[in-house]
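Trainee: Chains A and B, in that order, give the protein sequences. The C-terminal position of the first sequence is numbered 186 in the working numbering, with every residue numbered one higher than the one before it. The C-terminal position of the second sequence is numbered 1832 in the working numbering, with every residue numbered one higher than the one before it.
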Amino acid sequence: MLYRRWQLLPIVPVLVLALFLMGCPKRPATTSAAAPAPGAPAPGAPGAGPAGVMAGPGAPGVPGTPAPGAPGAAAVTPARPPAPREFTAIATLQDIHFDFDKYDIRPGDAKTLDENAKWMKANPNHLILIEGHCDERGTNEYNLALGERRAKATMNYLVAQGVQATRVTLISYGEERPLCAEKNEACWAKNRRAHFLVKAR
Amino acid sequence: MPRRLLLLLVFPCALALGGLLATPPPARAQAVDVFLNVMAGGSKKLNIAIPEFTLVAGRDAQGLAKRIPDVAGADLKYSALFSVVSGSPPLPATNGETLKQMLTEFAASGAHAALHGLLTLKGDRAEAEVRLYDLTNPEQRLIATKRFELRAADGRRLAHKIADEVVYQFTGEPGIADTKIALVCGGGQSKELYTMDYDGAGRQQLTGNDSINLSPAWSPDARSLAFTSYMRGYPYLYRLFAFERRPIQLLAGFLGINTSPAWSPDGRHVALTLSKDGTPELYVLDVATGAVRRLTRHPAIDTEPTWSPTGRAIAFVSDRAGTAQIFVMDAEGANVRQLTTVGFNTQPRWSPKGDAIAYTSRQGGHDIWAIGPDGSNARRLTAGPGSNESASWAANGRHVVFQSNRLGGWQLLTMLADGSEQQPLTRGGGECTSPAWSPRLP
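1) Where Val1718 of chain B and Ile113 of chain A are concerned, what is the direct C-alpha to C-alpha distance, given to the nearest angstrom?
2) Taking the C-alpha atoms as reference points, what is the distance between Ala1768 of chain B and Pro1441 of chain B?
3) Measure from the alpha carbon of Asp1808 of chain B to the alpha carbon of each residue in B:Pro1825, B:Arg1752, B:Ala1746 and B:Asn1795, then state which is nearest.
4) Mind checking Glu1563 of chain B: buried by the 16 CB within 10 Å criterion, or exposed?
5) Tell me the DSSP secondary structure of Cys119 of chain A in three-state form.
6) Within 10 angstroms of the Cβ of Gln1639 of chain B, are there 16 or more other Cβ atoms? Answer buried if so, exposed if not.
7) Run down chain B in chain order and give the residues with a C-beta less than 7 Å from the C-beta of Glu133 of chain A.
8) Taking 7 Å as the CB-CB limit, is Ser1605 of chain B close to chain A?
9) Would you kindly work out how many angstroms separate the C-alpha atoms of Leu1466 of chain B and Ala1553 of chain B, rounded to a whole number?
10) Count the other CB atoms within 10 Å of the CB of Thr1535 of chain B; is the residue buried (16 or more) or exposed (fewer)?
11) Should Ser1751 of chain B be flagged as near chain A, meaning a C-beta pair shorter than 7 Å?
12) So which residues on chain A does Ser1824 of chain B lean against when the C-beta distance must stay under 7 Å?
13) Using only alpha-carbon positions, find the residue among A:Ala166, A:Met105, A:Glu133 and A:Phe85 that is nearest to Ala74 of chain A.
14) In chain order, which continuous runs of the beta strand (DSSP E) of length 3 or greater are located wholly inside the region 1519 to 1568 of chain B?
15) Pull up the CB-CB distance for Glu160 of chain A and Gly123 of chain A, whole angstroms please, since I reckon it's below 8 Å.
16) Assuming Val1726 of chain B is part of the alpha helix (DSSP H), what are its boundary residues?
17) Which whole-angstrom value is the C-beta distance of Thr1816 of chain B and Gly1643 of chain B, which I expect to be below 8 Å?
18) With a threshold of 7 Å between beta-carbons, can Ser1654 of chain B be considered close to chain A, or not?
19) Considering only their Cβ atoms, is the gap separating Leu1627 of chain B from Leu1662 of chain B smaller than 7 Å?
20) Label Pro1689 of chain B either buried or exposed according to how many other C-beta atoms from any shown protein chain fall within 10 Å of its C-beta, with 16 as the threshold for buried.
21) Say whether chain A places a C-beta atom closer than 7 Å to the C-beta of Ile1747 of chain B.
22) With distances taken Cα to Cα, identify the nearest neighbour of Cys1575 of chain B among B:Glu1811, B:Leu1806 and B:Gly1799.
23) Residues of chain A with CB closer than 9 Å to the CB of Val1444 of chain B, please, in chain order.
24) Count the other CB atoms, across all protein chains shown, that sit within 10 Å of the CB of Asn176 of chain A; report buried if there are 16 or more and exposed otherwise.
25) If we cut at 7 Å on Cβ distances, does Val1424 of chain B have a partner in chain A?
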């Protein structure tokens, strides 16, 4: 194709000229938009919005300004959960594990969850963070959703056992926080987990 | 429009030029999501001679007279449309017998065209006037003359712009050398966003928050990236301006996951995955107001949206059929159709030309596949070794960047849209994944 066009090349200047005459939209031949090096990391999240408040997205063109009365603000959850780093793991609460690409609770893991639920009900002034994790197979974005489903399935089971839903926060790490780095089934099985952390209210 | 019609009659290449005149196409007027692919099917390469540029004025401390033609030549080779003869000494600045004789020599050695650059350096500015000659006839006709000016420090970008212009002159569509690729690099506890030129040069760090930053997605104006970050603890969606000193904006900070951003072609919306209402579902976020509109309602996982270039359809991943598969629906969420059935399929990416959706298929290992938006012509683009994932299209729909661990750790590679010409793009410097090829830069 290309070669045939080339043989007709003498016509190209005519066409180019025609384009000029027609005043067609042309790409600028020059630009002064030298890309500044964002050398320093862009200002971090703190400062992009009032601390502790999840503002709606900034108004367009006005960096960092919360959109006034934007519907985004309505999306703000009334009670923000504490940051994940405020929670700590305790030995009593055991991880549960999942089959590959699955998020249903296996019978053996249900027993572990029953024990965990007992502790949670006996310690009502502790908030609970459930982390959902995946193994490295699968792709990042899908695994974020899969980890979320695992955390959610775990929460649903605990709530059915009488744990107050309002005490529970979920976080999916997808495949980003593996416990075990080897590439074999034993290791992958350890990574497909729901992990529990607590924080006194 | 009559004039455009005349062009269509005159010359096949005018099809492409006509297309260019009409860009951007009125999205609503498109009957189908398939644009004219002017570059497909080129079999024979055009041989272009690119001698060293001629220094007209100034002092060439950075050796741009040699570096610019080298980089532009590499761009043209990479396009797979050209073969390049480089390294010959500069041509005389003025048109005369010597110039004519040198062009004749290029023609005799098989060149179909020649690119002659005249370089002027003044202060920190570099100006290149480039002249493109047709060597297939004895008149050595001047096809086009163009001027480019940038900071001398941006010599590589100047070269990329020249190469894109050459591609435009011969195909009617600019090249993709003046583009960026965003990527995620790191390991252990942190992954940060970076950008680099499309050829891997000039890597720059964009985030430095020591947390997990994922899934960069370029806005259609190539100025900003939407991405997921754990910088505030939970996975929220943010926007950063890649080339401007502006604060990072929070796009979505709902309870649960805020992931998998995909910009609508008009840049006004971002499709994303939220789990705030229970399970991971697809929503469309209005970037200006922050309002979200829910698209899917299904107890299964719905995630990884990608827009058709007309903005009228969205492909996505769902496990509603048992395992993860690729689906397509109208942009309003109706009319859901399943595209794939075999294997475990994720990471759909709609080609900017509309005629294909690339995706990652796990049937044993992971490989990149492509399929028509109607579910036809599923084809494998990579066949190992290792895992090959996370495809991203160049703006012309001819090149694809992807991640592979075929050489050990994760690195980026590129290939042509038919799977040929697979070649490494990044080497070393930590593991890098999740490439996002930018639209053409403004």
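From the three backbone atoms N, C-alpha and C, an ideal C-beta is built for every residue, glycine too.
Mentor: The short version:
1) 38 Å
2) 43 Å
3) B:Ala1746
4) buried
5) coil
6) buried
7) Gly1646, Ile1647, Ser1665 and Pro1670
8) yes
9) 6 Å
10) exposed
11) no
12) Asn125
13) A:Met105
14) 1532 to 1541
15) 7 Å
16) No alpha helix (DSSP H) holds Val1726 of chain B; DSSP gives it neither H nor E.
17) In fact, because the Cβ distance is near 31 Å, the residues do not count as touching under 8 Å.
18) no
19) yes
20) exposed
21) no
22) B:Gly1799
23) Rather than Val, the amino acid found at residue 1444 of chain B in this sequence is Thr. Simply none; closest approach about 19 Å.
24) buried
25) Only weak support is given to the placement of Val1424 of chain B: the predicted model assigns it a pLDDT of 26, under 50, and the value that follows is read from those uncertain coordinates. So no, Val1424 of chain B is outside the interface.
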